[in-house]
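Just so you know, we're using the working numbering here: the sequence shown kicks off at 10 and counts up by one. Step one of this worksheet: look at the structure below.
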Amino acid sequence: MTDEGENVKIITIVGARPQFVKAAVVSRAIEQYNQTAVAGERIVEVLVHTGQHYDANMSEVFFRQMQIPQPRYHLGIGGGNHGAMTGRMLESLENLMLEEKPDMVLVYGDTNSTLAGALAAAKLHIPVAHVEAGLRSFNMRMPEEINRILTDRVSSWLFCPTDTAVKNLEREGVGAWTGVRVHNVGDVMYDAALFYRERAVAGSLVSSLLEQYQDGFYLATVHRQENTDDPQCLRDIMAALEEIAIRMPVILPLHPRTRKHLATIGLELKHITYIEPVGYLDMIILLDHCRAVFTDSGGVQKEAYFFRKPCITLRDETEWVELVEQGFNCLAGADQGKILEAEQSFIPQRKDFTGSLYGTGIAGNNIINILQKNP
Ligand code: UD1
Ligand code: UDP
């Protein structure tokens, strides 16, 4: 029997930017665990990249900078409508799982790659572990809400980042789902922020921006389908950020989806400092130095909190409700007036960032300890 055959074999599915950040943490926890585990009790991780994100600055840079192991499989499935993308992934992942015969499949977050991985595994009766389980926006028009609800329902381990996530699952009756284990392990993104902030060095572009904007700047990201694909929402958000950028520089690393839609509607940005998407290390340096954050990203809302920055969320609701409830985050939607008002009134309010809403920075280890004891 091969060494690999005796150990626990996990297939990890990633495909989109936030998943690289999360997988970096858990892959490192696996590596650490294996250093002291004896033969036969190790974890063999087979990393699969669906190809959902494919530009070098949306994918390769994360593997390189965060020292994520190279994927053993790259499926090259990116672009297209939701159904087509998810369907193609499902077919490829099923074949791959039949061949690899893993003991379990690990998925992250709420993307099409997450759902395809979870569904392919569940239909083959391979147990699924879902990292970032239990989050809900209660907005079924979001593709992510559909993905996360379905993924949770077919998973065996639900690794929640917060008590709110656990409560959401309880409200959906998780206690009656056979063989399902729910754990609040903390947020792997907090682990990532703590680990990489010590190691982050700015690239040349971000270094020169920091130099240029020594007196302060805001950081913004926009990529949600409900904002980018609706011309009015996109115009309103950009109009607000353009107006703000006249008095305070706004750095906007532009997601390819957003760049595409700005071009389609012919909207030119005159005052915003828009740049290509940056790697994670540059991103955390920008988070560390900015005055405040404007974003519709799930991950960036939390990172604003990790770096003790007020966050104005360009959505009507958020899965990270504790940030709003405790006054760290303000929901402004895609409403130009509300965004401008929040910049004036919410950002200057004093906030006490001394608590810890997302665990203690050991979520990755918690996950691996549970999976190893309970394969
Ligand atoms: C996806 C996730 C979203 C997550 C986001 C993180 C789903 C349903 N959505 O949204 O939850 O917040 O990733 O960034 O899975 N594109 C490129 N190059 C790339 C990647 C994308 O040009 O490397 C362009 C393509 O035109 C593509 C579009 O962006 O069609 C959207 O990409 P897609 O992966 O479908 O969705 P995201 O908006 O990135
Ligand atoms: N991020 C990055 N460079 C960027 C924009 C975002 O490294 O130009 C990081 C960000 O810091 C966070 C992750 O990507 O760790 C979040 O991904 P994204 O906003 O694309 O997705 P979401 O969290 O909304 O699903």
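Glycine included, every Cβ here is placed at the ideal spot set by N, Cα and C. None of the values given here were measured: they were computed from a predicted structure.
Residue from N16, E15, V35, I135 whose Cα sits closest to the Cα of V23: On the sequence shown, residue 23 is found 14 positions in, with the first residue counted as 1. Looking from the CA of V23, the closest CA among N16, E15, V35, I135 belongs to V35.
Span of the alpha helix (DSSP H) around M113: Walking along the sequence shown from the start, residue 113 turns up at place 104. Unbroken run through M113 is the beta strand (DSSP E), 113-117; no alpha helix (DSSP H).
Spatially closest choice to M149 from I158, E69, R73, by CA coordinates: Numbered from 1 along the sequence shown, position 140 holds the residue referred to as residue 149. Minimum Cα distance to M149 is reached at I158.
For E103, the first and last residue of its enclosing beta strand (DSSP E): Looking up residue 103 in the sequence shown gives position 94. Looking at the DSSP string, E103 is not in any beta strand (DSSP E); the run it does join, the alpha helix (DSSP H), is 91-109.
Where the alpha helix (DSSP H) containing K18 begins and where it ends: As a first step, residue 18 is located in the sequence shown; it is residue number 9 there, counting from the start. Counting along the chain, K18 falls outside any alpha helix (DSSP H), though it belongs to the beta strand (DSSP E) covering 17-23.
Residues sharing a beta bridge with C169, DSSP: Taking the first residue of the sequence shown as position 1, residue 169 is located at position 160. Answer is N193.
R51 to T160 span [Cα, whole Å]: As a working mapping, residue 51 is identified with position 42 in the sequence shown. As a working mapping, residue 160 is identified with position 151 in the sequence shown. When rounded, the distance between both Cα atoms is 26 Å.
heavy atom of the ligand UDP below 6 Å from P262 C-beta: The sequence position of residue 262 within the sequence shown is 253, counting from 1. Checking the Cβ of P262 against the ligand UDP gives yes.
Y314 beta carbon less than 7 Å from that of G195: Here residue 195 refers to the residue found at position 186 of the sequence shown. Here residue 314 refers to the residue found at position 305 of the sequence shown. Cβ atoms of G195 and Y314: not closer than 7 Å.
Sub-7 Å separation of I348 and A249 beta-carbons: Working through the sequence shown from its first residue, we reach residue 348 at position 339. Working through the sequence shown from its first residue, we reach residue 249 at position 240. Cβ distance < 7 Å, so I348 and A249 count as in contact.
Nonlocal neighbours in the same chain, by C-beta distance under 6 Å from I371, ignoring five residues either side: Sequence index remark: in the sequence shown, residue 371 carries index 362 (1-based). Closer than 6 Å at the Cβ level, and outside the excluded window around I371, lies no residue.
Closer than 6 Å: T120 CB and nearest the ligand UD1 heavy atom: Sequence index remark: in the sequence shown, residue 120 carries index 111 (1-based). True, at least one ligand heavy atom lies under 6 Å from that Cβ.
N- and C-terminal bounds of the beta strand (DSSP E) containing T304: Mapped onto the sequence shown, residue 304 falls at position 295. T304 -> beta strand (DSSP E) spans 301-304.
Simplified DSSP assignment, three categories, for A138: Numbered from 1 along the sequence shown, position 129 holds the residue referred to as residue 138. The three-state secondary structure of A138, taken from DSSP, is strand.
Nearest candidate by alpha-carbon position, reference Y289, set E312, I274, V140: Here residue 289 is taken as the residue at index 280 of the sequence shown, counted from 1. Of E312, I274, V140, the residue nearest in Cα terms is E312.
Classification of Q41 by the beta-carbon crowding that lies within 10 angstroms, buried from 16 upward: If you number the sequence shown from 1, residue 41 lands on position 32. Within 10 angstroms of the beta-carbon of Q41 lie fewer than 16 other beta-carbons, which makes it exposed.
Three-state secondary structure (DSSP) of N383: Taking the sequence shown and counting its residues from 1, the one referred to as residue 383 is at position 374. Here N383 sits in coil by DSSP.
Cβ shell of Q345 (< 7 Å), same chain only, five flanking positions each side left out: Working through the sequence shown from its first residue, we reach residue 345 at position 336. Short of 7 Å from the beta carbon of Q345, and not among the five residues preceding or following it, lie these beta carbons of its own chain, in chain order: D245, A248, A249.
Top-ranked residue by Cα proximity to H139, from P80, S122, G307: Within the sequence shown, the letter at position 130 stands for residue 139. The shortest C-alpha separation from H139 is found at S122.
For E54, the residue or residues it bridges with in DSSP: The residue labelled residue 54 in the question sits at position 45 within the sequence shown. Paired residue(s): I19.
Cβ-Cβ distance between V309 and I281 below 7 Å: Within the sequence shown, the letter at position 300 stands for residue 309. Within the sequence shown, the letter at position 272 stands for residue 281. No Cβ-Cβ contact shorter than 7 Å links V309 with I281.
Neighbourhood of N156 by C-beta, 7 Å cutoff - its chain only, sequence neighbours within 5 removed: Along the sequence shown, one-based indexing puts residue 156 at 147. So the list reads D119, T120, N121, T123, L124, once near-sequence residues are dropped.
Buried versus exposed call for H91 [16 or more other C-beta atoms within 10 Å across all chains shown]: Sequence index remark: in the sequence shown, residue 91 carries index 82 (1-based). Classification for H91: exposed.
Segment contact flag, the segment 102-115 with the segment 63-80, C-beta cutoff 8 Å, min 3 pairs: With the cut-off at 8 Å, the segment 102-115 and the segment 63-80 do not touch.
A229, DSSP secondary structure in three states: The residue labelled residue 229 in the question sits at position 220 within the sequence shown. Correct three-state label for A229: strand.
Contact test: S306 Cβ vs the ligand UDP heavy atom, cutoff 6 Å: On the sequence shown, residue 306 is found 297 positions in, with the first residue counted as 1. Because some heavy atom of the ligand UDP lies under 6 Å away, the Cβ of S306 counts as near it: yes.
F29, buried or exposed, once every other Cβ within 10 Å from all chains shown has been counted against 16: What you label residue 29 is simply residue 20 of the sequence shown in a count that begins at 1. Around the CB of F29, 16 or more other CB atoms lie within 10 Å, so the residue is classed as buried.
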